[in-house]
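A.B. asks: Okay, handing you the structure first.
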Amino acid sequence: MAEGRHYWLMKSEPNVFSLDDLAQAPKQTTAWDGVRNYQARNFMRTMKTGDQVLFYHSNAQPPCVMGVAEVVKPAYPDPTQFDPHDAHYDPASPTDQPRWDVVDIRFVRKFDVPLSLDLLRGQASLNGMELLRKGSRLSVQPVKPSEWNEILRLARTHRD
DNA sequence: GCCAACGTTGGC
DNA sequence: GCCAACGTTGGC
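Quick note, in the working numbering, the first sequence goes up one by one and the last residue is 201.
The structure is reproduced here in structure tokens:
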């Protein structure tokens with residue numbers, strides 16, 4: 042495993058943008074726009090090309106880790122913050138020092154079976170994972186290598 | 001639809 | 001700098 046490659050988890054509501062949407066996007070790539078939380082933004086600013094991302098469906102039934110994406114372009118200003126017609130418009134963001142960033146991510150793979158939040162909560166090895174913390178709302182979060190390995194192992198184990 | 005657990009805003 | 005009010009996230 043390459044040194045310096047980091048692991049992340051990013052949440053999306055599937056009725057807004059699903060992993061299938063990413064797989065069908067041009068070049069299977071999208072700008073991860075609309076993040077308006079400083080902690081999440083700061084994590085995105087530390088992302089590097091090649092970093093691996095768990096793609097999570099929130100507000101889904103059930104909520105699930107769906108598969109894997111990867112960072113293909115590091116942080117740059119989020120254009121939606123300057124668009125008055127966009128839901129994520131931020132009139133307070135200075136144009137010369139934009140407040141919000143995006144990264145570009147590309148589809149890598151979809152798991153054979155989605156890994157539900159329930160299933161993940163049942164894994165003692167995932168104790169302490171940010172996603173599983175009560176009240177956790179962070180939409181971009183770091184994943185430990187051990188957690189990454191465990192989730193990929195579960196993805197291999199749980200098939201039709 | 002409910003509501004706990006946040007994060008942000010703004011009066012003081 | 002405090003903190004009440006408010007808005008949002010997201011599981012259930």
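C-beta: ideal position from N, C-alpha, C; glycine also. Remember, predicted model here, so these are calculated numbers, not experimental data.
Which residues bound the beta strand (DSSP E) around Glu111?
C.D. replies: Element bounds for Glu111: 105-118.
A.B. asks: Using alpha carbons as the reference points, say which of Ala101, Val154, Gly163 lies closest to Ser53.
C.D. replies: With distances taken between Cα atoms, Ser53 lies closest to Ala101.
A.B. asks: Work out the CA separation of Gln80 and Phe48 for me, nearest whole Å.
C.D. replies: First, the amino acid is wrong: residue 48 is Tyr here, not Phe. Whole-angstrom Cα-Cα distance: 16 Å.
A.B. asks: Is it buried or exposed, Tyr97, if we count other Cβ atoms within 10 angstroms and call 16 or more buried?
C.D. replies: Tyr97 comes out buried.
A.B. asks: For Asp74, which three-state DSSP category applies?
C.D. replies: Coil at Asp74, not helix or strand.
A.B. asks: Check whether the stretch 123-139 touches the stretch 151-165, counting contact only when three or more Cβ pairs, one atom from each stretch, lie closer than 8 Å.
C.D. replies: No: fewer than three Cβ pairs fall under 8 Å.
A.B. asks: At 3 residues or longer, and completely inside the stretch 130-187: list those beta strand (DSSP E) runs for me, N to C.
C.D. replies: Taking only runs of at least 3 residues, the beta strand (DSSP E) segments lying wholly in the stretch 130-187 are 142-157, 181-184.
A.B. asks: Specify, as a first and last residue, the run of the beta strand (DSSP E) that Met51 falls within.
C.D. replies: Start and end: 48-53.
A.B. asks: Given this structure, state the Cα-to-Cα distance separating Ala196 from Asp137, to the nearest angstrom.
C.D. replies: Each residue's Cα considered, the two are about 44 Å apart.
A.B. asks: Touching or not, the stretch 133-150 and the stretch 166-180, by the rule of three or more beta carbon pairs under 8 Å?
C.D. replies: No: the two stretches stay apart, fewer than three of their Cβ pairs being nearer than 8 Å.
A.B. asks: With burial defined as no fewer than 16 other Cβ atoms inside 10 Å of the residue's Cβ, what is the status of Gln122: buried or exposed?
C.D. replies: Counting Cβ neighbours within 10 Å, Gln122 comes out buried, since at least 16 surround it.
A.B. asks: The beta strand (DSSP E) spanning Gln93 covers which residue range?
C.D. replies: Gln93 -> beta strand (DSSP E) spans 93-98.
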